[in-house]
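Here's the structure, in structure tokens; my notes come after.
Numbering (the numbering used here), first residue to last: 2 to 179.
Below is the structure:
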């Protein structure tokens, strides 16, 4: 008897669900889902900056490879060069965009507002997953805010690249298929 009642309850619930899909309420819910799947605009605030660190020889030896040989975005001042008053001090630096990763969906518009904190000159562009420029090269300078946008027509990885400080100064936009 319990199984019959359980089956009847399940069938009744399924029937009500089916009826609700054919009523205005069910159609409104389906329309809401379709709107959620419609392309949208994402406004992202990004900062271009240089992060720095320093220590002394008595705490840590400097790197064996000059960081500037690894990336145009890295900086290094060795012992005796970083601080003439403290010859044991050494410094490292790296140019970055933060946040460095953003996710959106195919067809969405990505609108960036970028403020540059450090660095007198940054030659930047945005490339699509095939390496094609979707925002052409331009120069950004310290202390200024810039706005650019693009439509993410393809799924994959788009990149905001500073060619003066790559590969450390790259922001990645992961575009998911719609």
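We put the CB at the ideal spot given by N, CA and C, even for glycine.
Quiz item: Terminal residues of the continuous beta strand (DSSP E) containing residue 76?
Solution: By one-based count along the chain shown, residue 76 stands at place 75. Its beta strand (DSSP E) spans residues 75-78.
Quiz prompt | Simplified DSSP assignment, three categories, for residue 160 | solution = Taking the chain shown and counting its residues from 1, one reaches residue 160 at position 159. Looking at residue 160 - three-state DSSP - the assignment turns out to be strand.
Exercise. In angstroms with no decimal places, state the Cα-to-Cα distance between residue 129 and residue 87.
Key: For the purposes of this step, residue 129 is identified with residue 128 of the chain shown, where counting begins at 1. For the purposes of this step, residue 87 is identified with residue 86 of the chain shown, where counting begins at 1. So the alpha carbons of these two residues sit roughly 47 angstroms apart.
Quiz item: Of all the beta strand (DSSP E) runs that stay within the bounds of the segment 95-133, which reach a length of 3 or more residues?
Solution: 102-106, 110-117, 123-128
Self-check item: Between the CA atoms of residue 163 and residue 138 - distance to the nearest angstrom
Solution: For this step, residue 138 is matched to residue 137 along the chain shown. For this step, residue 163 is matched to residue 162 along the chain shown. Rounded to the nearest angstrom, the two C-alpha atoms are 9 angstroms apart.
Quiz item: From residue 142 to residue 67, what distance separates their C-alpha atoms?
Solution: What you label residue 142 is simply residue 141 of the chain shown in a count that begins at 1. What you label residue 67 is simply residue 66 of the chain shown in a count that begins at 1. Whole-angstrom Cα-Cα distance: 26 angstroms.
Exercise. Take the Cβ of residue 113 as the centre, count every other Cβ of all protein chains shown within 10 Å, and call the residue buried at 16 or more, exposed below.
Key: Residue numbering aside, residue 113 sits at position 112 when the chain shown is read from its first letter. The residue is buried, with at least 16 neighbouring Cβ atoms inside 10 Å.
Quiz item: Any idea which residues DSSP pairs residue 54 with across the strands?
Solution: Residue 54 sits at position 53 when you count from the first residue of the chain shown. In the DSSP output, where bridge partners are listed per residue, residue 54 has 93.
Practice problem: Below 8 angstroms CB to CB, which residues in the same chain sit around residue 43 once its five sequence neighbours on both sides are set aside? | Solution: The residue labelled residue 43 in the question sits at position 42 within the chain shown. Counting only Cβ-Cβ distances below 8 angstroms, and skipping sequence neighbours, we find 103, 105, 109, 110, 111, 112.
Quiz item: How would you call residue 49, buried or exposed, if buried means at least 16 neighbouring beta carbons within 10 angstroms?
Solution: By one-based count along the chain shown, residue 49 stands at place 48. Flag for residue 49 reads buried.
Quiz item: Does DSSP classify residue 60 as helix, strand or coil?
Solution: For the purposes of this step, residue 60 is identified with residue 59 of the chain shown, where counting begins at 1. The answer is coil: DSSP assigns residue 60 none of H, G, I, E or B.
Self-check item: Of the residues 45, 53, 59, the one placed nearest residue 95, counting alpha carbons only
Solution: If you number the chain shown from 1, residue 95 lands on position 94. Taking only the C-alpha atoms, the option nearest residue 95 is 53.
Quiz item: Taking the Cβ atom as the reference point for each residue, do residue 236 and residue 92 lie within a distance shorter than 8 angstroms?
Solution: Beyond the ends of the chain as shown, which are 2 and 179, falls residue 236; an answer cannot be given.
Quiz item: With burial defined as no fewer than 16 other Cβ atoms inside 10 Å of the residue's Cβ, what is the status of residue 172: buried or exposed?
Solution: For this step, residue 172 is matched to residue 171 along the chain shown. It counts as buried.
Quiz item: Going by Cα to Cα distance, which pick from 167, 152, 178, 99 is closest to residue 73?
Solution: The residue given as residue 73 occupies position 72 in the chain shown. Of 167, 152, 178, 99, the residue nearest in Cα terms is 167.
Practice problem: Pull up the distance between the alpha-carbon of residue 121 and that of residue 174, whole angstroms please. | Solution: Position 120 of the chain shown, counting from 1, holds the residue named residue 121. Position 173 of the chain shown, counting from 1, holds the residue named residue 174. C-alpha separation (whole angstroms): 25 angstroms.
Quiz item: In or out: residue 140 buried (at least 16 other Cβ within 10 Å) or exposed?
Solution: For the purposes of this step, residue 140 is identified with residue 139 of the chain shown, where counting begins at 1. With fewer than 16 other Cβ atoms within 10 Å, it is exposed.
Exercise. If I'm right that residue 107 touches residue 176 with Cβ under 8 angstroms, what's the distance once you round it to whole angstroms?
Key: Mapped onto the chain shown, residue 107 falls at position 106. Mapped onto the chain shown, residue 176 falls at position 175. At roughly 6 angstroms, the Cβ-Cβ gap stays under 8 angstroms, so residue 107 and residue 176 are in contact.
Quiz item: Run through DSSP, which three-state label would residue 138 get?
Solution: The count along the chain shown starts at 1 and reaches residue 138 at position 137. Looking at residue 138 - three-state DSSP - the assignment turns out to be strand.
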